[in-house]
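Take the sequence shown: its position 112, counting from 1, is numbered 160 in our numbering, and each next residue is one higher.
Everything below concerns the one structure shown next.
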Amino acid sequence: MFCLMEGRHVHPSTLYPGGVGTVPTVQLFTDYLVRLMKYVEFMKKVVPLHDDIFDFFYEALPGYEEVGRRRMDTVCWGSFNDPAVCDYTYKRMGEWGKAMFVTPGCVVDGKLVTTDLVDINLNIRILLGHSYYDDWANSETFVTKDPLGNPVDQRHPWNQTTLPRPQKRDFDDKYSWVMCPRWLHNGEHLAMDTGGGAFARLLATSLAGLVDFGYVKATGHSTKIYLPKTQTKPEVEFEWHVPKWSNAIERDRARTYFQAYSAAAALHFIEKAFEELHAGRTDTFTPFEVPDEAIGCGFHEAVRGVLSHHVVIREGKIANYHPYPPTPWNATPRDSYGTPGPYEDSVQNTPIFEENGPDNFKGIDIMRAVRSFDPCLPCGVHMYLGDGKVLERKHSPTFGGTH
């Protein structure tokens, strides 16, 4: 389905700044819809199957709700923009963010505290603590105010400077190449997690109660997902309820429900695509020019959670750029305030149900706790350009010659 639109997966070959190279046709959308309906039917089987498995764990292993459990502090940057509202301007970012088909939001102790992307952006802080980096507190300040005139902190990604300091691992000092993204709320630098992606998305969307497009409806305490009749299955409605806990099982359960959510959203989008096609609105590209001077940010959702980009442009070139995918939020070490990141937090004091003895211990419960965040450690790296020193220069006079 992905390759129909974007050529290949991963690294799509049809995307470029300003639009896509795919030509919309009835045949293309029909091919997509046929495949989508098969997936919709598949999800009708999978959701109840996985629900049964997760409920069985709770019943068979009393106390298993404590495996991977931590504070319900989650972040979601929103997904599936509404083209009727979204213009990608910073000035209206709060407005078009709330119009997304997956609502952005920060949840603290189980309560939704904001859905405003401007507020979300301004309160991001990058701390160090136990990371292999030097502080940039005395480095250049790239941005002092955002486009709305709000002050921007020195520890915001717009002002970050990556200064690596390799050294021997010491768990009392430095032990990780991952920095420490935090979200500032009421004076506290919170170690937020993505819940593996799906958990935070469903949680923010459910609590906000803004989404309602026929196939999906957020109620303020749950999300209802409607899937229509398919080849062998009748129509069905699933409902994801905000759980009591943020733990390994509920992160995994949410992943299944969000697959159904995505299928329902795709049905809505393909219907809209047919409407646009039949109305003759088939443009797939908007001219794009890199400005001479600008600051920008993008807020999206990767599979395993939040993905933001923060860029400073000067003289038409990138002067500073930092992306923050899900793993830096989840895999962060202890920060300068001593606060552990979500991986560490979720395994501290987690009960061990494994029956193997010390000589044959596998650590399955610990692995389940960490795996529930859908870890991807390559996403935790930070780019470093060096100081421009040439390490080696080679000259090959025959390179590019004909043979």
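Backbone N, C-alpha and C fix where the C-beta goes; we use that ideal spot for every residue, glycine too.
For residue j and residue i, believed in contact at Cβ under 8 Å, the rounded distance
i: Gly-142; j: Asp-121; result: Not quite, the Cβ-Cβ distance comes to about 21 Å (not below 8 Å), so this is no contact.
i: Ala-302; j: Leu-250; result: 5 Å
i: Val-115; j: Asn-295; result: 6 Å
i: Gly-177; j: Pro-390; result: Contact flag wrong, Cβ pair sits at about 15 Å.
i: Arg-299; j: Gly-353; result: Arg-299 to Gly-353, Cβ: 10 Å. No contact.
i: Cys-124; j: Pro-152; result: 6 Å
i: Ala-321; j: Tyr-263; result: The Cβ separation is near 15 Å, so there is no contact.
i: Leu-211; j: Asp-241; result: Wrong, their Cβ atoms sit about 26 Å apart, outside the cutoff.
i: Ala-308; j: Met-91; result: 5 Å
i: Arg-173; j: Arg-203; result: 5 Å
i: Leu-255; j: Asn-171; result: The pair is not a contact, with the Cβ atoms about 18 Å apart (cut-off 8 Å).
i: Thr-304; j: Val-95; result: 6 Å
i: Val-156; j: Leu-238; result: 7 Å
As assigned by DSSP and simplified to three states, the class of residue i
i: Ser-224; result: strand
i: Tyr-136; result: coil
i: Trp-288; result: strand
i: Val-354; result: strand
i: Arg-230; result: strand
i: Glu-236; result: strand
i: Val-395; result: helix
i: Lys-437; result: coil
i: Pro-212; result: strand
i: Glu-205; result: According to the sequence displayed, residue 205 carries Pro and not Glu. The answer is helix: DSSP assigns Pro-205 an H, G or I state.
i: Tyr-180; result: coil
i: Leu-175; result: strand
i: Tyr-112; result: helix
i: Ala-185; result: coil
i: Asp-260; result: strand
i: Asp-218; result: coil
i: Pro-199; result: strand
i: Asp-340; result: coil
i: Asp-407; result: helix
First through last residue of the alpha helix (DSSP H) which encompasses residue i
i: Arg-416; result: 412 to 419
i: Thr-304; result: 296 to 326
i: Tyr-80; result: 74 to 108
i: Ile-168; result: 165 to 170
i: Glu-54; result: 50 to 54
i: Gly-145; result: 141 to 146
i: Ala-248; result: 246 to 256
Inter-residue Cα distance where the pair is residue i and residue j
i: Glu-54; j: Ser-61; result: 6 Å
i: Glu-324; j: Gly-67; result: 16 Å
i: Asn-169; j: Lys-442; result: 44 Å
i: Val-150; j: His-357; result: 18 Å
i: Leu-63; j: Gly-69; result: 6 Å
i: Gly-346; j: Asn-129; result: 12 Å
i: Lys-281; j: Glu-89; result: 7 Å
i: His-59; j: Thr-375; result: 20 Å
i: Ile-366; j: Trp-184; result: 19 Å
i: Pro-65; j: Phe-333; result: 9 Å
i: Phe-401; j: Tyr-112; result: 8 Å
i: Ala-132; j: His-316; result: 14 Å
i: Pro-373; j: Ile-101; result: 30 Å
i: Arg-117; j: Ser-420; result: 11 Å
i: Ala-246; j: Gly-405; result: 34 Å
i: Phe-336; j: Asn-408; result: 59 Å
i: His-57; j: Gly-235; result: 42 Å
i: Val-438; j: Val-418; result: 41 Å
i: Asp-393; j: Lys-222; result: 17 Å
i: Thr-271; j: Val-351; result: 19 Å
i: Gly-145; j: Val-161; result: 15 Å
i: Ala-379; j: Phe-190; result: 27 Å
i: Gln-208; j: Leu-81; result: 44 Å
i: Lys-86; j: Thr-278; result: 8 Å
i: Thr-137; j: Arg-416; result: 40 Å
Residue span of the beta strand (DSSP E) that contains residue i, given as start and end
i: Tyr-369; result: 365 to 372
i: Thr-122; result: 122 to 124
i: Leu-160; result: 159 to 162
i: Ile-273; result: 270 to 275
i: Gly-428; result: First-last for Gly-428: undefined, no H or E at that position.
i: Cys-154; result: 153 to 156
The ligand MN heavy atom lying under 7 Å from the CB of residue i
i: Thr-330; result: Annotation note on the ligand MN: not contained in the displayed structure, which lists no ligands.
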